[in-house]
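Residue 990 is where the sequence shown starts when you use the working numbering, and the numbers rise one by one after that. C-beta: ideal position from N, C-alpha, C; glycine also. A quick write-up on the structure given underneath.
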Amino acid sequence: MRDLPGTERNGELVESLKLFLTAQSTAVAETRYCSDCGSILGYLPMQFWLEGGDKGWNIPLPYCPDCHPLPVTKETFIA
Ligand SMILES: [Zn+2]
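See the structure below:
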């Protein structure tokens, strides 16, 4: 069934993605601990935008400063 028209299925996907992102962005960031080293996880605010959408989401992604020291900004600092 790979030759189905994609638009309707994409629409459903986008809708469920929106629901997911909205739920994530309104969730209270709680203190969590790394399952590997036990450090308090930091939160990295990420912006999510859907193609063609007029709305973005700010979603804090948990990361461990010891196991995963800011992979996103690290790349930015490579000169
Ligand atoms: Zn860790």
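Leaving aside the five residues before and after residue i along the sequence, list all residues of the same chain whose C-beta is less than 7 Å from its C-beta, in chain order.
i     : result
P1054 : S1028, G1031
W1038 : G1045
S1014 : W1046, N1047, I1048
Could you tell me which residues DSSP pairs with residue i in its beta bridges?
i     : result
F1009 : Paired residues: none, contrary to the question.
Among the options, which residue has its Cα nearest to the Cα of residue i?
i     : options             : result
L1050 : F1009, L1002, L1033 : L1033
Only counting the same chain, and skipping five residues up and downstream in sequence, which positions put a Cβ closer than 8 Å to that of residue i?
i     : result
I1067 : Unreliable placement is indicated for I1067, whose pLDDT of 47 sits below 50; the coordinate value is still reported in the next sentence. Correct list: empty, nothing qualifies.
N999  : none
Y1022 : S1028, I1029, L1030
If I'm right that residue i touches residue j with Cβ under 8 Å, what's the distance once you round it to whole angstroms?
i     : j     : result
W1046 : L1010 : 4 Å
What does a CB cutoff of less than 6 Å around residue i pick up in its chain, not counting 5 residues either side in sequence?
i     : result
D1025 : C1056
So within the segment 1011 to 1059, which uninterrupted beta strand (DSSP E) runs reach at least 3 residues, ignoring any that extend past its ends?
1031 to 1038, 1045 to 1052
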